[in-house]
Amino acid sequence: MSMIAAFYSNKSILITGATGFLGKVLMEKLFRTSPHLKVIYILVRPKSGQTLQERVFQILNSKLFEKVKEVCPNVHEKIRPISADLNQRDFAISKEDMQELLSCTNIIFHCAATVRFDAHLREAVQLNVTATQQLLLMASQMPKLEAFIHISTAFSNCNLSHIDEVIYPCPVEPRKIIDSMEWLDDSIIEEITPKLIGDRPNTYTYTKALGEIVVQQESGNLNVAIVRPSIVGATWQEPFPGWVDNLNGPSGLIIATGKGFLRSIKATPMAVADVIPVDTVVNLTIAVGWYTAVHRPKSTLIYHSTSGNLNPCNWYKMGLQVLATIEKIPFESAFRRPNADFTTNNFTTHYWNTVSHWVPAIIYDFYLRLTGRKPRMLKLMNRLLKTISMLEYFINHSWEWSTNNTEMLLSELSPEDQRVFNFDVRQLNWLEYIENYVLGVKKYLLKEDLAGIPKAKQHLRRLRNIHYLFNTALFLIIWRLLIARSQMARNVWFFIVSFCYKFISYFRASSTLKV
1 MSMIAAFYSN KSILITGATG FLGKVLMEKL FRTSPHLKVI YILVRPKSGQ TLQERVFQIL
61 NSKLFEKVKE VCPNVHEKIR PISADLNQRD FAISKEDMQE LLSCTNIIFH CAATVRFDAH
121 LREAVQLNVT ATQQLLLMAS QMPKLEAFIH ISTAFSNCNL SHIDEVIYPC PVEPRKIIDS
181 MEWLDDSIIE EITPKLIGDR PNTYTYTKAL GEIVVQQESG NLNVAIVRPS IVGATWQEPF
241 PGWVDNLNGP SGLIIATGKG FLRSIKATPM AVADVIPVDT VVNLTIAVGW YTAVHRPKST
301 LIYHSTSGNL NPCNWYKMGL QVLATIEKIP FESAFRRPNA DFTTNNFTTH YWNTVSHWVP
361 AIIYDFYLRL TGRKPRMLKL MNRLLKTISM LEYFINHSWE WSTNNTEMLL SELSPEDQRV
421 FNFDVRQLNW LEYIENYVLG VKKYLLKEDL AGIPKAKQHL RRLRNIHYLF NTALFLIIWR
481 LLIARSQMAR NVWFFIVSFC YKFISYFRAS STLKV
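Written out as structure tokens, the structure is:
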């Protein structure tokens, strides 16, 4: 019998961010392994034209919850949606709902956050810092609370190359940042944002670091722990391989590559792709909840959920397997494919491919205008290039995360708990995982039939041929312009033509002599 599964029986659990990717998988795992838990409270933002219960049924109708319905047929009765808005004071929760939460909650999993890299600092502070502060205030009023688990990110301190399981200070105290957001106008905030975030790449990583400090400073006597996952990807094993429902992280790049829009990205090929399966993060998070409640550590423990230091996979290897899966070719032969340039740190190649994306997009949009249709390709390309530019920081750097606490927790688990709540990333087979990831994106995210893979393969070939044809035409046009304007370019051109002619003549003469 799993001690962890037994611990969560008859517990009342509050999950923030339960409608998000990580929150859904966390909820599914809790119900599947502990079907006798009492209730899961989820904070749901009101949506016009849809009741809270309809939101719950929408979540449960996902394929993700098929196995849960077998072991816990009354699962819909155990989810208690609470109308809440993290942007409002006290989350705009009604007095009746607040009283129920305060008097009944045993465990809190705080997963809610904005994960937008380009979020305005005011928005990022509200959702990642102020909301955490308010939730801690609520938690301090819960007499039955046993553990508060805060989900942060392994990149909260990405300005460091080696990151330990500690909370690092920020130059400006979180409380001062929170207070200033209330009276500063947007223009001033935008002006001071670069100075505040310093050498971090965006407001997301900065505010997640502030959120950790808030947890440390304002947790009081609560039993608190922090889980820091890296790039959260599709499921590895549970409830089945390859499930994903959002465009974050590698998913968007996989779709762009699969649809033929993405030819190359500016990256460091040997940089570690620190992707971690979402079910691995969830298993660790549930185990941390159990350990924090039962063992009550004297200090706030940090748990890194990362793969790079225990089972590294670089972006080059990952890119090749993505291509191999998309085109359904053996992995080894991807090295010989002409489009195996999924990752490159060559600026000229990257710039050339950027131009060769923009120009066809402009031409295609011009064609759409002529035929009376709404142009969309340039807008799509701009969004894609913007997304890639925001990811460039993370695909050009490698980090080292210490995992002492994570490994300690694994050793504390019984063999049965190690099996049921497996978060040992050393067992992960990357080639198998990436293949399931790509197929999962196609099946669960794009809702496409896997039987359509041969057709998709033909589509990719057509796009690749158009890409090469356009690049060749563009190169010849630029070269022709150079020849017309530069004597040196003409000399180089005539030298190349002369050399090729002599080589062919020599080859023919050699063949004649052999005969």
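Per UniProt numbering, the very first residue in the sequence shown carries number 1; after that it's consecutive.
Backbone N, C-alpha and C define an ideal beta-carbon position, used for all residues, glycine too.
Under the three-state DSSP convention, the category residue i falls into
i, result
"Trp430", "helix"
"Gln418", "helix"
"His397", "coil"
"Ala139", "helix"
"Ser80", "The question names Ser, but residue 80 in the sequence shown is Arg. If DSSP states are grouped into helix, strand and coil, Arg80 belongs with the strands."
"residue 547", "Any question about residue 547 goes unanswered here, given that the chain covers just 1 to 515."
"Arg89", "helix"
"Ile167", "coil"
"Ser161", "coil"
"Phe148", "strand"
"Val71", "helix"
"Pro375", "coil"
"Arg175", "helix"
"Pro194", "helix"
"Ala225", "strand"
"Gly233", "strand"
"Phe335", "Because Phe335 sits at a pLDDT of 41, beneath the cut-off of 50, its placement in the model cannot be relied upon, and the following sentence gives the value as read from the coordinates. If DSSP states are grouped into helix, strand and coil, Phe335 belongs with the helices."
"Asn202", "coil"
"Asn106", "coil"
"Pro330", "With a pLDDT of only 37 at Pro330, under 50, the local geometry of the prediction cannot be trusted, and no value is derived from it."
Contact under 9 Å by Cβ, residue i with residue j
i, j, result
"His110", "Leu135", "yes"
"Val166", "Thr306", "no"
"Ala154", "Ser230", "yes"
"Glu105", "Ala139", "The sequence shown places Thr at residue 105, not Glu. Cβ atoms of Thr105 and Ala139: closer than 9 Å."
"Val322", "Leu409", "no"
"Ile286", "Leu60", "no"
"Thr19", "Val44", "yes"
"Lys78", "Ser103", "no"
"Ala245", "Leu384", "For the record, residue 245 in the displayed sequence is Asp; it is not Ala. No, these two residues do not count as a Cβ contact at 9 Å."
"Ile265", "Leu391", "yes"
"Thr207", "Val129", "yes"
"Thr292", "Val215", "no"
"Ile108", "Thr16", "yes"
CA-to-CA distance, residue j to residue i, given in whole angstroms
i, j, result
"Ser180", "Arg228", "27 Å"
"Leu52", "Glu238", "27 Å"
"Glu432", "Lys443", "16 Å"
"Leu64", "Glu28", "7 Å"
"Ile226", "Thr300", "7 Å"
"Pro174", "Leu184", "15 Å"
"Thr114", "Glu212", "15 Å"
"Thr387", "Met3", "43 Å"
"Ile362", "Met377", "7 Å"
"Thr268", "Cys313", "13 Å"
"Phe261", "Leu469", "15 Å"
"Asn283", "Asn404", "17 Å"
"Ala124", "Tyr393", "19 Å"
"His295", "Ala147", "10 Å"
"Tyr367", "Leu380", "16 Å"
"Ser398", "Lys95", "47 Å"
Whole-number beta carbon distance between residue j and residue i, since they are thought to touch under 8 Å
i, j, result
"Val272", "Gly249", "Not confirmed; about 14 Å, so no contact."
"Ser414", "His304", "In fact, because the Cβ distance is near 22 Å, the residues do not count as touching under 8 Å."
"Gly198", "Asn159", "7 Å"
"Thr280", "Val438", "Not confirmed; about 18 Å, so no contact."
"Pro440", "Trp243", "One point to set straight first is that residue 440 is Gly, not Pro, in the sequence displayed. Indeed they touch by this definition, with Cβ atoms about 6 Å apart."
CB contact below 9 Å: residue i versus chain C
i, result
"Asp449", "Among the protein chains of the structure shown there is no chain C, as only one such chain exists."
Considering only residues of the stretch 240-308, which uninterrupted beta strand (DSSP E) runs meet the minimum length of 3 residues and lie entirely inside it, listed in chain order? List check, beta strand (DSSP E) in window: 275-277 and 301-305.
Ordered list of alpha helix (DSSP H) runs contained in the stretch 2-74, each at least 4 residues: The DSSP assignment places complete alpha helix (DSSP H) segments of no fewer than 4 residues inside the stretch 2-74 at 3-7, 21-33, 52-60 and 66-71, in order along the chain.
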